[in-house]
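Protein chains in written order, with this note's numbering: chain L, 1203 to 1611; chain X, 86 to 236.
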């Protein structure tokens, strides 16, 4: 009897401590259904507010070749054709942000062409290639890769890009590879990490374009810098950005820190360590051989992809103006690629937490969401509350999307 | 009495074991899938099943779709499209009047044989060859399929 008691005691202790970790409960207030009639990639669904009214949009640049706009209540407003842009560009539309009815921004990949279109799909302005604005003194040819997420920033005249190194027509970038490379190898350069991590293009909707470089500190911070030696790889991905006032909050897959940058000059002001009771955070960067330029072959590329798929990752950050709180979304670490795929082909519906911080990042509470319920990458903070895409369980419901509005105690 | 009971038990066990399913061949899995999911019989007239997914190389998936729509005979080819149009343009497949079936919720674990972009070549009521498309060899693979279709 005593033995049984001794066995049960630690078990009870374990369960108690597990329950304590998830220290807060969320509530689902309402559901709203949207029917764009097509499926969409995460980055092709967005949200914006114009004159106090909130809207949700869905984009299908491949098959339907249009954007469909809805009121936040789910009422269809209009369809914006993308044919003008698709006929003009040789590249793929990779990102879209709507700021108002006639300020619709499309960014292509891999060369960062930026189009400004109106609600009829007519091209108002375009920034053909931001690379042209780089000074000749920059040693390496670089390409601009937009952020993975739906809104490049939350300001209608600022775009942020990651810089990638382009060598001998071999393009290295997030998840997109040049499929015609005969050797199937990606050439990288040890000097890469000394380059700026991101740049800001300001005023692209006007004729006065200004480009500001991050002062070459973030790469070193993210990948490590031992005695000035190259100490990591650059196949990181899924970084996300958000402006709050003049501060730029930057998230990287390789770090458990939120970097806060001065929005004007891109200097690092501060960094905040995020701690979750549910997961470790940050995918270990792929370490390449120090020394000469190296190549990344398929094996290494896949190895790195796997790390990203299973690591706990800082996904997004929102700021709630009303409560003066930050909402940080963190995907939970998984045990294997197979486990990841059990939450959708790309792990879209994996478990995650929302950690809510006060304005000084001093106090926090964490809300854990089970897997196979929500896609945290398709979520927005609206006046009606936090909205997140629900997994569509009905196989007959192709092209319909249901969002839950969630509130936090 | 006890012996009789034992014999009866053995016989029942045997008959139950005999009833248990043999593992199905991939060909049977495919036939059952099309019958139950799409109400379509895969008989000896069908010699190719073209599977278009949205996995891996999207331009390869598009290339195979275009090649197959153009070159493979309608009466002997069945298309299964699991790509949902987000990573590749599926409108030519949607608009085709060939035998094109869509399934955006296929279970990749249950139907592993149908989970990758490629062509399943059937012969004499069985699977003859499976060509799984990959970006490194796609041109070679399309040439091979060309020879198979005698074009």
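We put the CB at the ideal spot given by N, CA and C, even for glycine.
All figures in this text were calculated on a predicted structure; none of them were measured in a lab.
Chain-order list of residues whose beta-carbon lies under 7 Å from that of residue i (same chain, five-residue window excluded)
{"i": "residue 1327/L", "result": "1318 and 1407"}
{"i": "residue 1465/L", "result": "1445, 1448, 1449 and 1450"}
{"i": "residue 212/X", "result": "111, 112 and 205"}
{"i": "residue 1291/L", "result": "1310 and 1315"}
{"i": "residue 1511/L", "result": "1539, 1542 and 1549"}
{"i": "residue 1486/L", "result": "1509"}
Assigned secondary structure, residue i (DSSP; H/G/I helix, E/B strand, else coil)
{"i": "residue 1591/L", "result": "strand"}
{"i": "residue 177/X", "result": "helix"}
{"i": "residue 118/X", "result": "helix"}
{"i": "residue 1400/L", "result": "strand"}
{"i": "residue 1318/L", "result": "strand"}
{"i": "residue 1233/L", "result": "strand"}
{"i": "residue 154/X", "result": "helix"}
{"i": "residue 1252/L", "result": "strand"}
{"i": "residue 1418/L", "result": "coil"}
{"i": "residue 1526/L", "result": "coil"}
{"i": "residue 1580/L", "result": "strand"}
{"i": "residue 1297/L", "result": "strand"}
{"i": "residue 195/X", "result": "coil"}
{"i": "residue 1442/L", "result": "strand"}
{"i": "residue 1505/L", "result": "helix"}
{"i": "residue 142/X", "result": "coil"}
{"i": "residue 1586/L", "result": "coil"}
{"i": "residue 1542/L", "result": "helix"}
{"i": "residue 231/X", "result": "helix"}
{"i": "residue 1228/L", "result": "strand"}
{"i": "residue 1521/L", "result": "strand"}
Residue environment, residue i, which counts as buried when at least 16 other CB atoms sit within 10 Å
{"i": "residue 1568/L", "result": "buried"}
{"i": "residue 1560/L", "result": "exposed"}
{"i": "residue 1578/L", "result": "buried"}
{"i": "residue 176/X", "result": "exposed"}
{"i": "residue 1605/L", "result": "buried"}
{"i": "residue 1401/L", "result": "buried"}
{"i": "residue 139/X", "result": "buried"}
{"i": "residue 1591/L", "result": "buried"}
Chain X contact residues for residue i, given Cβ-Cβ distances below 8 Å
{"i": "residue 1308/L", "result": "What residue 1308/L touches in chain X: nothing, since even the nearest Cβ is about 16 Å away."}
{"i": "residue 1262/L", "result": "170 and 171"}
Neighbouring residues, chain X, relative to residue i (Cβ below 9 Å)
{"i": "residue 1240/L", "result": "169, 170 and 171"}
{"i": "residue 1243/L", "result": "171 and 172"}
Through-space distance from residue j to residue i, alpha-carbon basis
{"i": "residue 209/X", "j": "residue 218/X", "result": "24 Å"}
{"i": "residue 1580/L", "j": "residue 1229/L", "result": "18 Å"}
{"i": "residue 1330/L", "j": "residue 1324/L", "result": "16 Å"}
{"i": "residue 34/X", "j": "residue 1557/L", "result": "Nothing about residue 34/X can be read from this structure; chain X reaches only from 86 to 236."}
{"i": "residue 134/X", "j": "residue 178/X", "result": "14 Å"}
{"i": "residue 1505/L", "j": "residue 130/X", "result": "43 Å"}
{"i": "residue 1608/L", "j": "residue 1529/L", "result": "12 Å"}
{"i": "residue 1455/L", "j": "residue 1233/L", "result": "31 Å"}
{"i": "residue 1513/L", "j": "residue 157/X", "result": "43 Å"}
{"i": "residue 1542/L", "j": "residue 1572/L", "result": "13 Å"}
{"i": "residue 228/X", "j": "residue 220/X", "result": "14 Å"}
{"i": "residue 1611/L", "j": "residue 1533/L", "result": "21 Å"}
{"i": "residue 1271/L", "j": "residue 233/X", "result": "47 Å"}
{"i": "residue 1554/L", "j": "residue 1515/L", "result": "9 Å"}
{"i": "residue 1300/L", "j": "residue 1278/L", "result": "16 Å"}
{"i": "residue 1594/L", "j": "residue 1603/L", "result": "7 Å"}
{"i": "residue 215/X", "j": "residue 174/X", "result": "24 Å"}
{"i": "residue 1297/L", "j": "residue 1269/L", "result": "12 Å"}
{"i": "residue 195/X", "j": "residue 1544/L", "result": "13 Å"}
{"i": "residue 1547/L", "j": "residue 193/X", "result": "9 Å"}
{"i": "residue 224/X", "j": "residue 1418/L", "result": "42 Å"}
{"i": "residue 231/X", "j": "residue 188/X", "result": "26 Å"}
{"i": "residue 1227/L", "j": "residue 180/X", "result": "48 Å"}
{"i": "residue 127/X", "j": "residue 120/X", "result": "8 Å"}
{"i": "residue 136/X", "j": "residue 199/X", "result": "7 Å"}
Sequence-distant residues of its chain with Cβ nearer than 6 Å to residue i (five each side left out)
{"i": "residue 159/X", "result": "183"}
{"i": "residue 1240/L", "result": "1262, 1266 and 1601"}
{"i": "residue 141/X", "result": "none"}
{"i": "residue 1339/L", "result": "With a pLDDT of 47 at residue 1339/L, under the threshold of 50, the modelled position of this residue cannot be trusted, and the question is left open."}
{"i": "residue 1518/L", "result": "1442 and 1531"}
{"i": "residue 1472/L", "result": "1462"}
{"i": "residue 191/X", "result": "167"}
{"i": "residue 1287/L", "result": "1308 and 1317"}
{"i": "residue 1420/L", "result": "1399"}
Under 7 Å from the C-beta of residue i: neighbouring residues of chain L
{"i": "residue 192/X", "result": "Neighbours of residue 192/X on chain L: none; closest Cβ ~10 Å, over 7 Å."}
{"i": "residue 176/X", "result": "1265"}
Within chain X, the residues that residue i reaches when beta carbons sit closer than 7 Å
{"i": "residue 1600/L", "result": "189"}
Within-8 Å CB hit, residue i to chain B
{"i": "residue 1528/L", "result": "In the structure shown, chain B cannot be found, because the protein chains are L and X."}
Cβ neighbours of residue i in the same chain (closer than 8 Å, five flanking residues each side left out)
{"i": "residue 1576/L", "result": "1551, 1554, 1590, 1591, 1592, 1593 and 1606"}
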